[in-house]
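Colleague: Numbering (our numbering), first residue to last: 9 to 81. Even glycine gets a Cβ: it sits at the ideal position worked out from N, Cα and C. Note that the structure is predicted; figures quoted are calculated from it, not measured. Provided herewith is a single structure, encoded as C-alpha cells, for subsequent inquiry.
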C-alpha cells in the first residue's frame with residue numbers, strides 16, 4: 009500500500025478556529041494532491057477528524073474509485 013502524506017497547517021489545541029483551519033487544510037491539501045496522483049485502486053480516509061471523510065469523498069467523485077472511511081474516536 010502506498011501512503012501519500014500531505015503538509016498542512018498544524019496547530020496545537022489553541023481554540024476552535026485554529027483547529028478548524030488545521031482540519032480544513034488537511035482536507036484541501038489531501039484532495040488537491042490526490043488529484044495529481046495516479047488513479048488508485050481504492051480511496052481510504054481514516055480519521056478522528058470529520059473533514060477527512062469530505063476530502064476522501066471528493067476524491068471518490070473525481071477518480072470514481074471505491075471509498076473506505078475508517079472512523080476512530
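Do we get a CB-CB distance below 7 Å when we pair residue 66 with the residues of chain C?
Modeller: Given the protein chain composition of this structure (a single chain), no chain C is represented.
Colleague: Looking at residue 17 and residue 59, is the spacing between their C-beta atoms short of 7 Å?
Modeller: no
Colleague: Look up residue 53 in the DSSP assignment and give the residues it is bridged to.
Modeller: 77
Colleague: State the start and end residues of the unbroken alpha helix (DSSP H) segment that holds residue 70.
Modeller: 59–71
Colleague: Look up residue 27 in the DSSP assignment and say whether it is helix, strand or coil.
Modeller: helix
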